[in-house]
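Contents: one structure, followed by commentary.
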Amino acid sequence: MSWIEHALGSSLRIGTPLLFAGLGELVLERSGMINIGIEGVMLCGAFGGFYAGWAAQSPLIGALAGALSGAAFMLVFAFMSLKLRAEQIVTGMAMNLIAAGATSTAFDALRAAHSGESLSVPVLGGLFPQWSSLPVVGPIVFDQTVLTSFALISVVAVWFYFARTERGLELRAVGENPDAAQAAGVSVVAARVKACLACGALCGLGGAFLTVSQTSSFAPNCTSGRGFVALAAVVLGRHGAFGTAAACFFFGAAFFSRDAIPTTSAAVELVEILPYALTLAALCWKFKSRPAPAALGKVW
Amino acid sequence: MSVENRDDSSSSLIWLRLAWPLLLALGTAGVLALTIVLVGGSPGPAFSEFISGVIGSKSGLGGTAARGSMLAFYALGIALSFRAGILNIGAEGQSRVGAAAAVALTLGAPGKFFVAHAWLGIPLMLLAGAIGGAFWSLVAGALKRWRGVPEVIATLMLNFAALHFVKYLVSSHDWLQGNTNFQKNELARELQFSGWADTEFHAGVFLAIPAVIAAHVYLFHTAGGLRLRAMGFNRAAARACGVNCERATLMIFAVSGALAGLAGAMSVLAAGEISADPAYSEFGYMAISVALVALLKPLWIVPAALIFGGMEMGALSMEGGGANVPHWIVYFINGLLILAMLARDAGARRDLTSEEGA
Amino acid sequence: MALRCSGIVKCFGHIRALAGADLFVRGGAIHALLGENGAGKSTLNNVISGALKPDAGTLEIDGRSVAFASPLEAAAAGVGMVHQHFLLAGALTVAENIALGVRSSKFGLRFDAHAGAARVSELAERTGLSVDPNARVSELSVGMRQRVEILKALSRGAKVLLLDEPTAVLAPAEIERLFATLRVLRDEGRTIVIVTHKLDEVFALAGEVTVLRKGATVYAGKIGDLTRAELARAMIGQDPPPLINSAIIGGSDAGAQHIQELKSAPARRDVVLKIRGAFVRSGGTPPAVAFARDLAGKSAAAPHALDVPRLEVRAGEIVGVAGVEGNGQNELAALIAGTLESTARVELQSFCGVDLRPLSIAERSDNGMAFIPSDRHREGLVLEMSLAENLFLRKPPERRVAVRLLNRAEMKSRGRVLLEEFGVAPSEPELSARALSGGNQQKTVAARELSRAPKLILACNPTRGLDVGAAAEIQNRLLDARRRGAAVLLISSDLDEVLALSDRVMALYRGSLSDIGVRGVSRERVGRAMVGAGDESATKASAAAGA
């Protein structure tokens, strides 16, 4: 496989957790809520996925558990924002801290309890490995794990949901003008709770990808800022499914080039900065965009 | 930011309003105990290690004070920012840049001069730290002002960037190469803060007190503070009343950055070295809960910071001792405390917003 | 469908919005629900439409007792509501807004945009309310958006239509069109309840009227049984204060002396505010694009948000700018006050002879400019702060104690004096601004702005949402200022207020400001200018100066 194919395929692979998190945050933002704590939700999914994957020795069970952990954790956010009507941004920060503390503590305890063993998850396979020999598309799209393929399908699914279904329309209305939606008979709270759960599941999957697919084990703070990069991707992607996917792919490429640049000891730190700098640079360029949902982040 | 004591009339929750610090403490202890049990330890000995870690020895007290002062500076900057309506969470990175700036003064020929004249060198290093932190913070401020980048994302990204950049500076011996003031990254003895009997306590801890008092006076007793608070509550109304919101925003970015940078410089002076990783990691984020628990009031930040610093010390000693509870638990508790403060504030707000127009 | 409410009570916390309101509407009639601001009309409407649950009282439709748990249930029973502040999602299209909430398939998974649009077109044809189903709501004019609201209620099969202050945001011509539509709907057999506080409209449109005051019904009967003055008295509970608003008292003696004073034209005094060739480009913000498609369906996005070839305000006169909301009022106010965020090209802008353009907002107010903003919650007051802090936010009194500190004692004492002088109740300076009623909040804003004897007062919708008493007080303050020699620029979407108060009348349409005439100019002429059907000279002037 040529260098370009390898680069693109790796970018897609590395961008997969970003893609999941980006889609999750997109669904949530279009319902009018903003969660900067998706980093924490990803960590939850990462640990949940790791634990289940290791205990059951099955990466797929791990992925499923990751999604469930993320969704469960998002219920906290739903409760704080919808029932208590608390400030969403600060709630998100708190969730990051909680997840960082809880997952690292749990992992240390687990390691201590099973000292001496290597805690790892079996490798995840691909969906259509036999098609990976197709020219161009093969190595990029098909030489990927199940999760990446699922991520790509999710992009289309999210787009279809918002563009072509009645429920999607209702969710969009909830994000633009919750009073209007309510007057039309839509239950704003129910719709937002479902959006929280979907966001949690997707972000959880993104985190789980890190521990069952990208590596096969957990490490404290393994998400290292990907959640925040996903936030930027939603903004860059003009709050649309395909735009977010493109932005995540772009950031995936940024992470890939960070890993691919050959570096000597200390300079590797400089290269580490690349994704974060690129995120900021990308945010600086204002595209003539579809504005964010009108009710984004407002307490209702 | 709306975390503030409100003039509310609902009497049913008054007891809650008065008792909340106690509830908070009990809740924290409860969560800690629960976690200890879950992790496989036993609460009794763990708690006694926790407490002895904080107040049981000179090093415990010294460590608490040192950590408390770091948190106090960070939280002060955060409280000022939040009150102005700015979500600046970049204390981590601003502090690191301040630390590096302070160390930069000790390099080469100027460094030799400062070692000889420590009375000049130390304040200048602190000043450099403040300037470095202010500069880093203003990068985010400028991005927000001129490109509309949300400060939450900007300061977070800059945190990561700063951490890695300073790590690079420190790990590559080139930067510290010609520095004869450093023996293996150590700062010359003359330029260190005088410690106290081998503890982490250092003279800089006392600086937190005047900072907090100045902030309190500024916020509540000057015209500038009045305008700042108005801007935080309602930017449009403040602007219509003549408040220069753009200038005030940049100023707050600078001040909060300076506070964080100052703390970073102090930690370097106290430790006598600059290491590749920050001395107290994640304090910048934990300071958010300090600020919130203090209800964004400068005077309450000192006791709040000391309590949180103590919690850190306790957790560390719990980890080191036999209880084997990883000290990550502190992040967990910090996050829960933020949620508790938000819940409390939301409860207060609910009483006020139950009116609809007729 | 006949509608009957008996003894409706609704409280919000300790505020009693409705205290035993009754309403009986005959089927197939247009019924006016009259009352001043704060009387409880909107609350009653919300109860009938299912948005609010009453604390006590009964609701009957065609003799059957009903209790609606949600607006959806009310819609199913045939009750539809058109809100004062439209409940539409701006980023969605007309068809999407109308289809919102209606599930055609079991899981709500399919959505056919074409079928939806077709349904909307068909409904629009039938009722004569034509609208483009694929237009984004945020691009529609206010009059068009109201049509969408009405269509939405009709599409759910509304037989009872409740309208909440529908004419507040319309120009006179649009009001005529709305009334024509309502008559058509009535002739079809629907029942219409229109909430309003304008007597003229009540007499023009309705067959029956119910008057609410302080949450209770004080009169119910047929139009023509009571005179205008008697109805006004029922609404306010006493003889109307010397009020100039002719729509309320229309020709009664009480207002005559004020009108007499105003009729004396002011002597030609100095020009306080002069603007020439001001041009503000359209930003991306919705208000600027609001008039892209007007009622006639003519579309053409205006290239500018504001185009002022010439504006002069002299000392001792009131210049009134009439216009439907969204035609550049915000931009004009922002240009003069200094809060404009988009770029403006201004040839000349002087205030008392001094060039205004480089001055900051604070400097403008220091030089004697007062600004009463349109939205007292968003731009007027900082609700979370105390009254004293709000009153002195512009220029806090200070004292020197080594450093310059706030003089809180002075703030409190001077604040109390100010609050009492302007009739704010309770006049407690430490009280949080949020605790005050709308009228008292507006009076606080007036106290802050007018107490410094300003040379120019920029007043935007100063009496919006206020009850008659508070509105009268504010209008009297403006008249006092005029008497003392201040220049007043009044920008208001309340045409009657503009006509009653102004020495000179201008109109704002699609950002173009045009001169209409001096006091005494006819309502029709101003009304025409508000929708762009103005005089030849006016259009020629703005065409020459624009683009």
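Those protein sequences? They're chains A, B and C, same order as listed.
Under numbering that gives the first Met the number 0, the residues of the first sequence are numbered 0 to 299, in order.
Under numbering that gives the first Met the number 0, the residues of the second sequence are numbered 0 to 357, in order.
Under numbering that gives the first Met the number 0, the residues of the third sequence are numbered 0 to 546, in order.
Note that the Cβ used here is the ideal one computed from N, Cα and C, for glycine as well.
At a Cβ-Cβ threshold of 8 Å, C/Gly337 and C/Lys454 do not count as neighbours. Here C/Asn45 has Leu51 as same chain residues with Cβ atoms under 6 Å from its own Cβ, once five neighbours each way along the sequence are excluded. Contacts between A/Gly31 and chain C, judged by CB atoms closer than 8 Å, are missing: the closest CB pair is about 11 Å apart. The secondary-structure analysis by DSSP pairs C/Ser5 across a beta bridge with C/Thr57.
Contact annotation for C/Phe110 against chain A: Ala162, Arg163, Thr164, Glu165, Arg166, Gly167 and Leu168 [CB-CB distance below 9 Å, chain order]. For A/Ala189, no chain C residue has a Cβ inside 7 Å of its Cβ, as the nearest lies near 12 Å away.
For A/Glu4 against B/Leu341, the beta-carbon gap comes to about 48 Å, at or over 8 Å, which does not count as contact. For C/Thr195, the enclosing beta strand (DSSP E) begins and ends at Thr190 to Thr195. Taking 8 Å as the threshold, the shortest C-beta distance from B/Tyr284 to chain A falls below it. A distance below 8 Å between beta-carbons, with the five flanking residues on each side excluded, links C/Leu211 to the following residues of its chain, in chain order: Ala20, Leu32, Leu33, Gly34, Ala38, Gly39, Lys40, Leu43 and Val217. Taken through DSSP and simplified to helix, strand or coil, C/Phe11 comes out as strand. DSSP, reduced to helix, strand and coil, places C/Met0 outside both helices and strands of the structure shown, so it counts as coil.
Straight-line spacing of the CA atoms in B/Phe134 and B/Gly140 works out to 9 Å.
At a C-beta separation below 9 Å, C/Glu95 has these neighbours in chain A: Leu168, Arg171 and Ala172. If the five residues before and after A/Arg84 are omitted, its C-beta is found closer than 7 Å to the C-beta atoms of Val298, all from its own chain and listed in chain order.
In this structure A/Pro261 is exposed. Its beta-carbon is surrounded by fewer than 16 other beta-carbon atoms within 10 angstroms. Taking one beta carbon from each stretch, the segment 90–106 of chain A and the segment 35–45 of chain A have 3 or more pairs nearer than 8 Å; the two touch. When only Cα atoms are considered, C/Pro428 and C/Gln237 end up about 30 Å apart.
Approximately 6 Å separates the beta-carbon atoms of B/Ala90 and B/Gly76; this is inside 8 Å, confirming the contact.
Here the segment 382–397 of chain C lies against the segment 223–233 of chain B, with 3 or more beta-carbon pairs under 8 Å apart. Assignment of A/Cys283 by DSSP, reduced to helix, strand and coil, places it in the helix class. Within chain C, no residue has its CB atom less than 9 Å from the CB of B/Arg82, the nearest being about 11 Å off.
If you draw a straight line from the Cα of B/Gly52 to the Cα of B/Ser316, it comes to about 5 Å. Residues of the segment 35–69 of chain A that bring their beta carbon within less than 7 Å of a beta carbon in chain B comprise Ile35, in sequence order. Shown here, C/Lys221 sits in a strand according to DSSP, grouped into three states. The DSSP-derived three-state label of B/Tyr73 is helix. Contact with chain C is absent for A/Ala253, since none of that chain's Cβ atoms lies less than 8 Å from the residue's Cβ.
In this chain, A/Met32 is not harboured by any beta strand (DSSP E), its DSSP state being neither H nor E. Only residues of its own chain outside the window of five on either side were considered, and among them Ser68, Ala71, Phe72 and Val301 have a CB closer than 7 Å to the CB of B/Ala207, listed in chain order.
Assigned with DSSP and collapsed to three states, B/Tyr279 falls in coil, not helix or strand. A/Ala240 has its alpha-carbon roughly 8 Å from the corresponding atom of A/Val155.
Beta-bridge partners assigned by DSSP to C/Gly516: C/Val504. Taking a beta-carbon distance threshold of 8 Å, B/Ala160 does not count as an interface residue toward chain C. Proximity of A/Gly184 to chain C, defined by a Cβ-Cβ separation below 8 Å, is satisfied.
Under a 10 Å Cβ-count criterion, C/Pro425 is classified as exposed, with fewer than 16 other Cβ atoms of the shown protein chains found around its own Cβ.
The distance from the Cβ of C/Leu17 to that of C/Val8 is about 6 Å, consistent with a contact at the 8 Å cut-off.
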